[in-house]
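Have a look at the structure below, then the notes.
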Amino acid sequence: MSTITLYGATGTIGSRVLAEALRRGHTVTAVVRDPAKLTVTHPALTVATGDVLDPASVAEHAKGSAVVVSAVGGGDGPGHQALIAPSAESLVAGLRTLGTDTPRLIAVGGAGSLRTPDGKQVWDTQGLPEFLLQIMHAHGDALDFLRTVTDLRWTSLSPAATIAPGERTGTYREGLEDLLIGTDGESRISTEDYAVALVDEIERPKHIGERFTVAY
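Position in the sequence shown counted from 1, then plus 20, gives you our numbering.
In structure tokens form, the structure reads like this:
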């Protein structure tokens with residue numbers, strides 16, 4: 021079983037990652053800005069107060085963990101732009117101070133930079149609202165940064181085009197740079213099965229130093 025430091029545990033995706041990790045017997049430290057917002061209790065869960073944008077705080081809470089998971093979100097478009105790439109940079113800076121004890125980093129990514137069947141990217145789709153484009157490009161900037169990192173073990177996990185709370189089936193398909201589309205013509209995944217895929221990657225690493233994606 022792994023020891024996991026989790027950022028974003030109160031969010032839509034992070035809360036599912038937390039539940040999935042605890043379900044499988046992992047030990048989790050959830051680092052949050054406001055502990056009062058995390059109402060989950062579990063013998064294997066520790067709640068800590070910290071700031072993902074402070075490399076020293078990152079190092080303090082990540083020390084001794086096997087994996088750091090970043091599931092932070094910024095709410096609206098400008099919030100994502102202010103948080104997603106800067107948090108990736110802060111996490112890497114903090115983890116670099118841990119030397120040989122550096123945990124792996126797994127970041128929740130976005131679908132915007134995935135290739136579509138016409139050879140473009142999801143964010144090139146006509147008619148997307150500005151706030152959604154801001155969120156997509158915020159995740160794209162974070163991925164671009166991670167791809168410059170060669171001294172840490174990182175992974176970025178992009179969801180399908182549509183991700184929303186739903187059923188945990190425990191099944192999904194994996195891809196790398198191409199948007200996965202189901203036989204129904206839709207690209208989708210539940211947050212629960214996205215969390216399954218992320219914890220599977222913790223338990224059985226296959227995508228060190230790269231982005232991968234999951235969908236039905």
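Cβ coordinates follow ideal geometry from the N, Cα and C atoms, glycine included.
Beta-carbon separation (whole angstroms), residue i vs residue j, contact threshold 8 Å
i, j, result
"Gly70", "Val88", "Not quite, the Cβ-Cβ distance comes to about 11 Å (not below 8 Å), so this is no contact."
"Arg44", "Ala215", "Actually they do not touch by this definition, with Cβ atoms about 10 Å apart."
"Arg231", "Gly129", "6 Å"
Simplified DSSP state of residue i, which is helix, strand or coil
i, result
"Ser90", "strand"
"Thr175", "strand"
"Gln154", "helix"
"Thr32", "helix"
"Thr136", "coil"
"Arg44", "coil"
"Ile183", "strand"
"Leu163", "helix"
Nearest to residue i (by Cα), restricted to the options the options
i, options, result
"Thr61", "Val72, Val48, Leu73, Arg53", "Val48"
"Glu80", "Leu103, Ser110, Thr59", "Ser110"
"Ala162", "Asp144, Ser90, Thr32, Glu40", "Ser90"
"Thr120", "Lys83, Ser133, Ile155, Val37", "Lys83"
"Ala105", "Ser77, Ala56, Ala127", "Ala127"
"Thr182", "Ala235, Leu125, Arg208, Asp204", "Arg208"
"Ser77", "Thr191, Arg53, Gly139, Asp164", "Arg53"
Boundaries (first-last residue) of the alpha helix (DSSP H) holding residue i
i, result
"Leu103", "97-116"
"Ala82", "75-82"
Terminal residues of the beta strand (DSSP E) in which residue i lies
i, result
"Gly195", "193-195"
"Ser210", "208-210"
"Val67", "65-69"
"Glu230", "230-235"
"Val128", "124-128"
"Thr23", "23-27"
Residue i Cβ short of 6 Å to the ligand COA heavy atom set
i, result
"Pro63", "Summarising the ligand content, the structure contains no ligands, and the ligand COA is consequently not present."
Touch check for the region 150-159 and the region 210-220: three-plus C-beta pairs under 8 Å?
-> Segments in contact, no.
Counting pairs of Cβ atoms below 8 Å between the region 167-177 and the region 194-206, do you hit three or more?
-> no
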